[in-house]
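Just so you know, the sequences run in chain order D and B.
If you read the first sequence in this note's numbering, its first letter stands for residue 5, the second for the next number, and so on.
If you read the second sequence in this note's numbering, its first letter stands for residue 8, the second for the next number, and so on.
From the three backbone atoms N, C-alpha and C, an ideal C-beta is built for every residue, glycine too.
A quick note: this is a predicted structure, and the numbers were derived from the prediction, not measured.
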Amino acid sequence: MIQLFHVSKFYDRCTALDDVSFRIDKGECVILTGPSGAGKTTLLKVIFGAEIPDSGQILVQNRNVARLRGGAIPYLRRTMGIVLQNFQLLPRKTVYENVILPLVIQGVTRRLARKQVLGVLKAVGMDHKQTIHTGVLSAGEQQRICIARAIVNSPILLLADEPTGNLDAELTVEIVELFKRIHAEGTTILLATHNQRVVEQMNGRVVHLQAGRVVSDDGATS
Amino acid sequence: MRLLYLLREAITNLRVNRGNVLIGIVTTAFTLVCFGVFVLLYLNLKSLTGTLQGDIEVVVYLDPGASEQVVSLVQKRLGAESAAVALTFVSKEQALREFSEQFPAESLLLEGMDGNPLPASVVVRLSPRFLDTESLSAFAERVRQLPGVTHVAYSQDWIDTLTLVVSYFELGAVVIGTILAVATVTIIANTIRLSLYTRKEEIEILRLIGATGVFIAIPYVIEGTILGAAGGGLSLALLKGIFEFFRLELNASGWFVGVEHILPVFPRQVSFLLVMTGMLLGCGSSVLSVFGLMKRRHR
Chain D
5 MIQLFHVSKF
15 YDRCTALDDV
25 SFRIDKGECV
35 ILTGPSGAGK
45 TTLLKVIFGA
55 EIPDSGQILV
65 QNRNVARLRG
75 GAIPYLRRTM
85 GIVLQNFQLL
95 PRKTVYENVI
105 LPLVIQGVTR
115 RLARKQVLGV
125 LKAVGMDHKQ
135 TIHTGVLSAG
145 EQQRICIARA
155 IVNSPILLLA
165 DEPTGNLDAE
175 LTVEIVELFK
185 RIHAEGTTIL
195 LATHNQRVVE
205 QMNGRVVHLQ
215 AGRVVSDDGA
225 TS
Chain B
8 MRLLYLLREA
18 ITNLRVNRGN
28 VLIGIVTTAF
38 TLVCFGVFVL
48 LYLNLKSLTG
58 TLQGDIEVVV
68 YLDPGASEQV
78 VSLVQKRLGA
88 ESAAVALTFV
98 SKEQALREFS
108 EQFPAESLLL
118 EGMDGNPLPA
128 SVVVRLSPRF
138 LDTESLSAFA
148 ERVRQLPGVT
158 HVAYSQDWID
168 TLTLVVSYFE
178 LGAVVIGTIL
188 AVATVTIIAN
198 TIRLSLYTRK
208 EEIEILRLIG
218 ATGVFIAIPY
228 VIEGTILGAA
238 GGGLSLALLK
248 GIFEFFRLEL
258 NASGWFVGVE
268 HILPVFPRQV
278 SFLLVMTGML
288 LGCGSSVLSV
298 FGLMKRRHR
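#1: Measure the CB-CB distance between D:Asn102 and D:Arg148 and report whether it falls below 8 Å.
#2: Just to confirm my understanding: we take D:Arg27, look at its own chain, exclude 5 residues before and 5 after, and list those with CB closer than 6 Å. What are they?
#3: Between the region 282-292 of chain B and the region 189-200 of chain B, do three or more beta carbon pairs fall short of 8 Å?
#4: For D:Met84, report the span of its alpha helix (DSSP H) as first-last.
#5: Can you check which of these residues, D:Arg209, D:His212, D:Glu204, D:Thr197, is closest to D:Leu88 by C-alpha distance?
#6: Spell out whether any CB of chain D is found under 8 Å from the CB atom of B:Arg22.
#7: Count the other CB atoms, across all protein chains shown, that sit within 10 Å of the CB of D:Gly129; report buried if there are 16 or more and exposed otherwise.
#8: How long is the line joining the alpha carbons of B:Ala224 and D:Val64, rounded to whole angstroms?
#9: Which whole-angstrom value describes the C-beta separation of B:Phe37 and B:Ala90, a residue pair presumed to lie in contact below a C-beta threshold of 8 Å?
#10: Starting from the C-beta of D:Val202, find all residues in its chain whose C-beta is less than 7 Å away, skip the five residues before and the five after it, and write them out in chain order.
#11: Any chance you could list the alpha helix (DSSP H) runs of at least 4 consecutive residues sitting entirely within the region 138-204 of chain B, in chain order?
#12: Considering only C-alpha positions, which residue in the set B:Tyr204, B:Gly179, B:Gly248, B:Leu187 is nearest to B:Leu50?
#13: List, in chain order, every chain D residue whose beta-carbon is nearer than 9 Å to that of B:Thr205.
#14: Identify the continuous beta strand (DSSP E) that holds B:Val129 and give its terminal residues.
#15: Since B:Val66 and B:Leu85 are thought to touch, with beta carbons under 8 Å apart, how far apart are those beta carbons, to the nearest angstrom?
#16: Out of B:Ile233, B:Leu215, B:Glu141, which has the shortest C-alpha to C-alpha gap to B:Leu287?
#17: Can you list, in chain order, the residues of its chain whose CB lies under 7 Å from that of D:Leu86, leaving out five sequence neighbours each side?
#18: Among the candidates B:Leu241, B:Lys207, B:Ala237, whose CA atom is the shortest distance from the CA of B:Phe297?
#19: Leaving out five residues on either side along the sequence, give the residues of the same chain with a beta carbon under 7 Å from the beta carbon of D:Phe14.
#20: Pop quiz: D:Val156 and D:Val124 are said to be a contact at Cβ under 8 Å. What is the actual Cβ separation, rounded to whole angstroms?
#21: At what residue ranges does the region 24-77 of chain D contain a whole run of the beta strand (DSSP E), taking only runs of 3 or more?
#22: Once DSSP output is grouped into helix, strand and coil, what is the label at D:Lys119?
#23: Beta carbon of B:Cys290: closer than 7 Å to some heavy atom of the ligand NAP?
#24: Counting only Cβ-Cβ distances shorter than 9 Å, please list the residues of the region 193-219 of chain B near chain D, keeping chain order.
#25: Is B:Gly107 helix, strand or coil when you go by DSSP?
#26: Between which two residues does the alpha helix (DSSP H) carrying D:Ser158 extend?
#27: If contact is defined by three or more beta carbon pairs under 8 Å, each pair taking one atom from either stretch, is the region 104-122 of chain B in contact with the region 74-83 of chain B?
#28: In the structure shown, what three-state DSSP assignment does D:Ile6 receive?
#29: Quick check on B:Phe222 - is its C-beta less than 8 Å from some C-beta in chain D?
#30: Whole alpha helix (DSSP H) runs in the region 26-105 of chain B with 4 or more residues, listed along the chain?
#31: What is the rounded straight-line gap between the Cα of D:Lys184 and the Cα of D:Met206?
#32: Cα separation between D:Ser226 and D:Glu166?
#33: Does any C-beta atom of chain B lie closer than 8 Å to the C-beta of D:Ser226?
#34: Below 8 Å CB to CB, which residues in the same chain sit around D:Val218 once its five sequence neighbours on both sides are set aside?
#35: I'd like to know whether the C-beta of B:Tyr12 is nearer than 8 Å to at least one C-beta of chain D.
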């Protein structure tokens, strides 16, 4: 599913990623952990094509992201769901309008799109709030909408960067449970977090980053 | 579903950004009015030159002492010219009569003179093919050589001057049009750029979920096109108002009684040109600003 070969990334003189190599197989749940500034976000960014590595290769579903042209990046992102810490929702649009967006972009028919949106909204427990503008929702609700939007087009890979970073302990448990359910349905998950409780609750393979290097990997032998 | 979404986004952009959009429409309209005034001046001068050119007549004055035979020969030779389409003989008496009718105040001057001092003449109307400066002067030169001809007159000089003025206007229209087009593009591009900056986060989100550059750009291009078309429409209304006012003033002045056909014209093409120019400039400038920004934020 994802293979990284000696990936390095530098910002001026700062090393964000230093010779990172590992692979994630289909259906795996990988927790990327480490302190702030360890390179977790940069690693996710090079995987979904928001950053170009200075060296190394990244294969995502057999496509070399490091060599993809700018015009091919949107098509790569359509195959994955992305959830970020700061929600990234359109506040002037309703819950329904936010979640349907990836399907509008992909040109899915209105009927099919509606069916899929209602399905994922039910799955994240937000089907009763579909006509509400996202700006008025609580943090936990907003994150659930983000997750719904990320999985609405049934991606085979879900990337999440500190998805519980802005949530309290109770909401964190709720969101982690949601991720576990999505994983149980067969979606590959790569989740970056520095929250030890999330790492424990997710119960997946843990890759530990420090100063841009992989210092430990549960699945290194697999 | 995609098309509907893109149209709705464009309308939302216009609504959210209405202050800037309004400024953009008004400034575009004023710029296009300036351009339109120039185009109308140019077209009217060109039309006037054409009308006057078509009215050119060559007057061949005959020697007062020329015999009937010589006069008849001159007429025969003139009739044989391929450039001449109609000949009118104006006798001495007729010339005096016409002079008295046209200039009643000055006719008193002639009363004190012995006999009729005005010469007989032949008025030659030329084929439109021979109305250019070179053909006219060649024709006049040939006619001047005929026996019994004292003078050949035609009003080409000032028409040539008018043609020169029109060609300067043509050049001026291109230069001023280019400057105003650049100004309009800058105004609309800045309005769109502002719209883009206010929705920067939304664009980032759209990129994140797999929207292509074209998908993100289309609402802004529609917004720019609508803005340009609205500017063009407003400029058309303003220009038409100015034009009608000017026309009424000219009519009221009474200078053009009997020659209303040379009064200013407002061709339908000018209306079309203004709205289309506004639309094209709007579309072009939004494409420039959207794709300029996209290039800078490649991924």
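Judging by the given coordinates:
#1: For D:Asn102 and D:Arg148, no; Cβs fall outside 8 Å.
#2: Taken in chain order, the residues that qualify are Gln7.
#3: With the cut-off at 8 Å, the region 282-292 of chain B and the region 189-200 of chain B touch.
#4: Careful: D:Met84 lies outside any alpha helix (DSSP H), inside the beta strand (DSSP E) at 84-87.
#5: Distance from the Cα of D:Leu88 is smallest, within the candidate group D:Arg209, D:His212, D:Glu204, D:Thr197, for D:Thr197.
#6: No, because no Cβ of chain D sits closer than 8 Å to the Cβ of B:Arg22.
#7: Classification of D:Gly129: exposed, given that the 10 Å Cβ count is below 16.
#8: Straight-line measurement puts the Cα of D:Val64 at about 27 Å from the Cα of B:Ala224.
#9: About 49 Å; that fails the 8 Å criterion.
#10: Here the set comprises Thr168, Thr176, Val180.
#11: Qualifying alpha helix (DSSP H) stretches, in chain order: 140-151.
#12: Taking only the C-alpha atoms, the option nearest B:Leu50 is B:Gly179.
#13: Those within 9 Å of B:Thr205 in chain D number zero; the least Cβ separation is about 11 Å.
#14: Going by DSSP, B:Val129 is part of the beta strand (DSSP E) stretching over 128-133.
#15: Contact annotation, B:Val66 with B:Leu85: C-beta distance approximately 11 Å; criterion of less than 8 Å not satisfied.
#16: Of B:Ile233, B:Leu215, B:Glu141, the smallest CA-CA separation from B:Leu287 is found for B:Ile233.
#17: This sequence places Ile at residue 86 of chain D; Leu is not what is there. Excluding residues within five positions, the ones whose Cβ falls inside 7 Å are Phe52, Ala154, Leu163.
#18: Sequence inspection shows Val at residue 297 of chain B; the Phe mentioned does not correspond to that position. For B:Val297, the closest C-alpha among the options B:Leu241, B:Lys207, B:Ala237 is that of B:Lys207.
#19: The residues are Ala20, Asp58.
#20: Confirmed, Cβ separation roughly 5 Å.
#21: For the region 24-77 of chain D, the full-length beta strand (DSSP E) segments reaching 3 residues or more read 33-37, 59-64 along the chain.
#22: It is helical.
#23: No copy of the ligand NAP occurs in the structure displayed, which carries no ligand at all.
#24: Residues of the region 193-219 of chain B with a C-beta less than 9 Å from any C-beta of chain D: Glu208, Glu209, Glu211, Ile212, Leu213, Arg214, Leu215, Ile216, Gly217, Ala218, Thr219, listed in chain order.
#25: In the sequence as presented, Gly is not what sits at residue 107 of chain B; that position holds Ser. DSSP places B:Ser107 in helix when its eight states are reduced to three.
#26: It is not in any alpha helix (DSSP H) - D:Ser158 carries neither H nor E in the DSSP assignment.
#27: No: fewer than three Cβ pairs fall under 8 Å.
#28: DSSP places D:Ile6 in strand when its eight states are reduced to three.
#29: At least one chain D Cβ lies under 8 Å of B:Phe222.
#30: You should have 75-87.
#31: For D:Lys184 and D:Met206, the distance between alpha carbons rounds to 7 Å.
#32: Caution applies to D:Ser226, whose pLDDT of 44 falls short of 50 and renders its modelled position unreliable; the value that the coordinates give is listed next. When rounded, the distance between both Cα atoms is 26 Å.
#33: Unreliable placement is indicated for D:Ser226, whose pLDDT of 44 sits below 50; the coordinate value is still reported in the next sentence. Not an interface residue.
#34: Taking C-beta separations shorter than 8 Å and ignoring five residues to either side along the sequence, the partners of D:Val218 in its chain run Val24, Ser25, Phe26, Val211, His212, following chain order.
#35: With respect to chain D, the C-beta atom of B:Tyr12 has a partner C-beta closer than 8 Å.
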